[in-house]
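One structure is given below, encoded as structure tokens.
2 protein chains.
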Amino acid sequence: MSKNQKKISEKTIERLSAYRRYLKDLLKKGKDRVYSHELSQIVSGTAAQVRRDLMEVGCNGCSSKGYEISLLIEEISKLLDCSDKQNIALIGVGNLGRALLGYFSGSRDNFDIVAAFDSDPGKSGRIICGRRCYDMEQLPAMLGELKINTAILAVPAESAEKVAQTLIESGIKAILNFAPRHITTGSGVFIETLDMTSALEKAIYFSRKNTQQRKST
Amino acid sequence: MSKNQKKISEKTIERLSAYRRYLKDLLKKGKDRVYSHELSQIVSGTAAQVRRDLMEVGCNGCSSKGYEISLLIEEISKLLDCSDKQNIALIGVGNLGRALLGYFSGSRDNFDIVAAFDSDPGKSGRIICGRRCYDMEQLPAMLGELKINTAILAVPAESAEKVAQTLIESGIKAILNFAPRHITTGSGVFIETLDMTSALEKAIYFSRKNTQQRKST
DNA sequence: CTAAAGTTGTGAAATATTGCACAGCGTGAT
DNA sequence: ATCACGCTGTGCAATATTTCACAACTTTAG
Numbered sequence: 001m002s003k004n005q006k007k008i009s010e011k012t013i014e015r016l017s018a019y020r021r022y023l024k025d026l027l028k029k030g031k032d033r034v035y036s037h038e039l040s041q042i043v044s045g046t047a048a049q050v051r052r053d054l055m056e057v058g059c060n061g062c063s064s065k066g067y068e069i070s071l072l073i074e075e076i077s078k079l080l081d082c083s084d085k086q087n088i089a090l091i092g093v094g095n096l097g098r099a100l101l102g103y104f105s106g107s108r109d110n111f112d113i114v115a116a117f118d119s120d121p122g123k124s125g126r127i128i129c130g131r132r133c134y135d136m137e138q139l140p141a142m143l144g145e146l147k148i149n150t151a152i153l154a155v156p157a158e159s160a161e162k163v164a165q166t167l168i169e170s171g172i173k174a175i176l177n178f179a180p181r182h183i184t185t186g187s188g189v190f191i192e193t194l195d196m197t198s199a200l201e202k203a204i205y206f207s208r209k210n211t212q213q214r215k216s217t
Numbered sequence: 218m219s220k221n222q223k224k225i226s227e228k229t230i231e232r233l234s235a236y237r238r239y240l241k242d243l244l245k246k247g248k249d250r251v252y253s254h255e256l257s258q259i260v261s262g263t264a265a266q267v268r269r270d271l272m273e274v275g276c277n278g279c280s281s282k283g284y285e286i287s288l289l290i291e292e293i294s295k296l297l298d299c300s301d302k303q304n305i306a307l308i309g310v311g312n313l314g315r316a317l318l319g320y321f322s323g324s325r326d327n328f329d330i331v332a333a334f335d336s337d338p339g340k341s342g343r344i345i346c347g348r349r350c351y352d353m354e355q356l357p358a359m360l361g362e363l364k365i366n367t368a369i370l371a372v373p374a375e376s377a378e379k380v381a382q383t384l385i386e387s388g389i390k391a392i393l394n395f396a397p398r399h400i401t402t403g404s405g406v407f408i409e410t411l412d413m414t415s416a417l418e419k420a421i422y423f424s425r426k427n428t429q430q431r432k433s434t
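Set out below in structure tokens:
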């Protein structure tokens, strides 16, 4: 219905997610309005950038009173979230996978990891961190059954590409990849790789070039 | 000694780290040369970008034979690594922290997590995933003693800022932050935040805008 | 020896992203 | 009622990053 503005940049989407989380915190603390310069600190940007980001969600600011927090949360959520809670799959229940299960288990109201998959038959059928673990063979079927279109990939590097291929063929729409391997996809599947090793090596590198000051994701 | 080229972008540093990892794999498989277009696939960029990145390390390519892998690894390492292996500290030995200990424990020859810290006294003194766990009180002293200047922060959001402050005051030079909180620092401390929740929400968002195809870190 | 094919290094264009700066407006003080 | 102040929305400039495109060079084939 709403005339869809062309394209919101990935960076902006990330920041909106961070703003929302912070806004929820503020709301819990009893605040009801924020200024762009307050929000700018949590992403180390400028106030102008925040205002620009917020314009994307259909701006609600009010001169000299700032933004109304609850309204802002609502608008950001309208943009970021689907109408219904998203079901997520976790692939790979090793150390990292289990940690992620724990990490993402808090009270999220827009998504939920509903199933875990692992190639180790010993894990199949068990409940791990509150989620049922299935065998990899069941993946294609379960993705459809549970209406999952986003997956978290936490398998070893060696199997990342093969598993990703399976996911894509099973109709997944987005993958958050923790394996230190690039995933190629001709199709329209969105892949976000969090390369922890590169991130650490980058930190190590810049620990010696202590010039700049830096930001986030 | 070498006239230091002004500034290498963070993006480039990340990609160099990824190239190197891939190059090591190739070397193990017996290959001894690569072309820029082969490397470009592992970061989903263009060949030109790879060549540009490699120029930063002092380019060694050879027309129509590509780059010699072992030489490239050596040059990238010369740029990325310090002369000596870097000691890293992990702060926060919860689920995520332990997973990170495991994740980073493989055979790394340029860095090593040598100590873990946690505010829970019950963990202090124990060996977790092969690393000794210290109490937070010991942090300032141990950082100096072990010559640690990079830390991985895996504490809950609530304590992230306070702990980061302690780290900075103790002279840390870079922080890889997993807590969903922005860390502010006036000083020249490098902070890299890996916001897993934002990353997942971004993936969820783009799972519905299945237009583009995307890359990495 | 010559030509064809394929690759590197890189200037220059194209994009993407960020920051500046100011008009316009609401608020509170006088 | 008026004015000073502070904040938003945004055009525009400044950066940062990526891609294009092509000259120069190597190898291989004929």
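Protein chains in written order, with my numbering: chain F, 1 to 217; chain L, 218 to 434. Ideal placement from N, C-alpha and C gives every residue a C-beta, glycine not left out.
Euclidean distance between Cα positions of residue i and residue j
| i | j | result |
| --- | --- | --- |
| T263(L) | P338(L) | 51 angstroms |
| C133(F) | Y236(L) | 34 angstroms |
| R181(F) | A164(F) | 10 angstroms |
| K223(L) | D81(F) | 42 angstroms |
| V331(L) | Q303(L) | 9 angstroms |
| K241(L) | E158(F) | 14 angstroms |
| K364(L) | I392(L) | 15 angstroms |
| E161(F) | L243(L) | 16 angstroms |
| E56(F) | V50(F) | 10 angstroms |
Burial state of residue i (16 or more Cβ within 10 Å)
| i | result |
| --- | --- |
| R15(F) | buried |
| K220(L) | Residue placement at K220(L) is flagged as unreliable, the pLDDT there being 41, under the threshold of 50; the coordinate-derived value follows with that caveat. It is exposed - the Cβ of K220(L) has fewer than 16 other Cβ atoms within 10 Å. |
| E409(L) | buried |
| A48(F) | exposed |
| A416(L) | buried |
| E201(F) | buried |
| I230(L) | buried |
| T434(L) | Model confidence at T434(L) stands at a pLDDT of 46, short of 50, so the residue's coordinates are unreliable; what they give is reported in the following sentence. Label assigned to T434(L): buried. |
| N312(L) | buried |
| S107(F) | exposed |
| K246(L) | exposed |
| A116(F) | buried |
| E75(F) | buried |
| G171(F) | exposed |
| G314(L) | buried |
| C279(L) | exposed |
| R126(F) | exposed |
Chain-ordered neighbours of residue i on chain F, where CB pairs are closer than 8 angstroms
| i | result |
| --- | --- |
| D308(L) | The displayed chain sequence assigns Ile, not Asp, to residue 308(L). Neighbours of I308(L) on chain F: none; closest Cβ ~13 angstroms, over 8 angstroms. |
| P397(L) | A18 and R21 |
| L384(L) | Within 8 angstroms Cβ-Cβ: nothing; L384(L) doesn't reach chain F, min ~12 angstroms. |
| I392(L) | A203 |
Partner residues on chain L for residue i, Cβ-Cβ distance less than 7 angstroms
| i | result |
| --- | --- |
| E201(F) | S234 and L297 |
| L143(F) | Result: empty, since nearest Cβ-Cβ is about 12 angstroms, beyond 7 angstroms. |
| I127(F) | Going along chain L, no residue has its Cβ under 7 angstroms from I127(F), so there is no contact; the nearest lies around 16 angstroms. |
Beta-carbon neighbours of residue i, restricted to chain L and to distances below 8 angstroms
| i | result |
| --- | --- |
| T184(F) | Q258 and S261 |
Neighbouring residues, chain L, relative to residue i (Cβ below 9 angstroms)
| i | result |
| --- | --- |
| F111(F) | L417, E418 and I421 |
Cβ-heavy atom distance, residue i to the ligand GTP, below 7 angstroms
| i | result |
| --- | --- |
| Q138(F) | Of the ligands one can find in the structure shown there are none, so the ligand GTP has no counterpart to examine. |
Residues of the stretch 229-256 of chain L with Cβ closer than 7 angstroms to any Cβ of chain F, in chain order: I230, E231, S234, A235 and R238
Positions along the stretch 54-87 of chain F whose CB lies within less than 7 angstroms of some CB in chain L: L80, C82 and Q86
Contact residues within the stretch 94-107 of chain F, judged by C-beta distance below 9 angstroms to chain L: G94, N95, L96, G97, R98, A99, L100, L101, G102, Y103 and F104
Continuous alpha helix (DSSP H) assignments of at least 4 residues falling wholly in the stretch 301-356 of chain L: 312-320
Uninterrupted alpha helix (DSSP H) stretches inside the stretch 172-210 of chain F (no shorter than 4 residues): 196-208
Segments assigned beta strand (DSSP E), at least 3 residues, entirely inside the stretch 260-308 of chain L: 303-308
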